[in-house]
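In what follows, a structure is listed as structure tokens, so that the remarks can point back to it.
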Amino acid sequence: VLRIATVVLLVVGVVVGVYSAGFSYYSSHYYPGTTVAGINASDMTEDELTRVFNASVLTYEPEVSHDAMRLSFAAADIDLAADARATAHRLLSEQNATEWLVGLLGMKARHDRGITFNTQKLYALVQDAVKAFNEKAKAPTSAALAYNKHSKAFSLTPEKDGTMLDPTATYKAVRDAVALLQTDVALADEVLQRPEVTESSEQAQAALKRASTVLDLRIPLVRSGEELVSVDASTFGKWLGTEGLSVTFDQ
């Protein structure tokens, strides 16, 4: 019994010692999974985070790119600012060191923006860059009706992506990158302008269905109330054409 009690006391002592060490460490260090404006603050002290945070803000100068579009600017251009010391202190004071084991397991991950910037100035910079790039870029084309006079049938020409950038999508992507202080911002194709009408859209499919009914028309030619002859697609088909999602008759 004495031996068991001794073992239990030793185990308890080890547990208390480990817990106390963890409590002491995470009273001054951030939990794993703590990030501030994209900076991984895991296991940093308040002073370390303050120093790294300040340096990141002061030297921030991102390079934004997509295809041949390039945009770079400095922190001052968008009034980028941060109270690094206050943010670092607040995060540490909000951290409950008694729950350090949970935090160590990554269950207390926290993300803090920690910075401010002038969104209107950033928007203007992005819009100017997009406008200049789009002047020489290729616009997307929507799905459209096509008519084959040999087979006498309508079909849909699929939409095609271009290279023009969508101003709103581009701004949002750059804004999100700035919020994380990313410096190498390679924009994905999600910022491209999209065709207004796709081949699989209800609008395109409905237009194809309507166009196809034209081929079933039988147009009577009447004089003095008497039908002289009727004209069907075998005759008027050679006059059919298309414009976008509409059927036209060539003159």
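Under my numbering, the first residue of the sequence shown carries the number 105, and numbering increases by one thereafter.
Ideal Cβ positions, reconstructed from N, Cα and C, are used throughout, including at glycine.
Remember, it's a predicted structure, so these values are computed and weren't measured experimentally.
- Taking Ser128 as reference, the option from Met173, Leu196 and Ser160 with the minimal CA-CA separation is Leu196.
- Taking 8 Å as the cut-off, the beta carbon of Tyr251 is found no closer than this to the beta carbon of Leu312.
- Beyond the five residues adjoining it in sequence on each side, Glu306 comes within less than 7 Å, by CB distance, of no other residue in the same chain.
- For the 8 Å CB-CB criterion, Ile219 and Ala159 do not form a contact.
- Taken through DSSP and simplified to helix, strand or coil, Lys253 comes out as coil.
- Residue environment for Ile323: exposed (fewer than 16 other C-beta atoms within 10 angstroms of its C-beta).
- Fully contained in the region 256-280 are the following beta strand (DSSP E) runs of length 3 or more, in chain order: 257-261.
- The C-alpha of Tyr135 lies about 42 Å from the C-alpha of Arg298.
- Here the alpha carbon of His254 sits roughly 12 Å from the alpha carbon of Ala337.
- Note that the C-beta distance between Val230 and Thr287 is not below 8 Å.
- The shortest C-alpha to C-alpha distance from Ala315 to any of Val295, Phe353 and Val326 is the one to Phe353.
- Pairing Leu296 with Leu269 gives a Cβ-Cβ distance under 8 Å.
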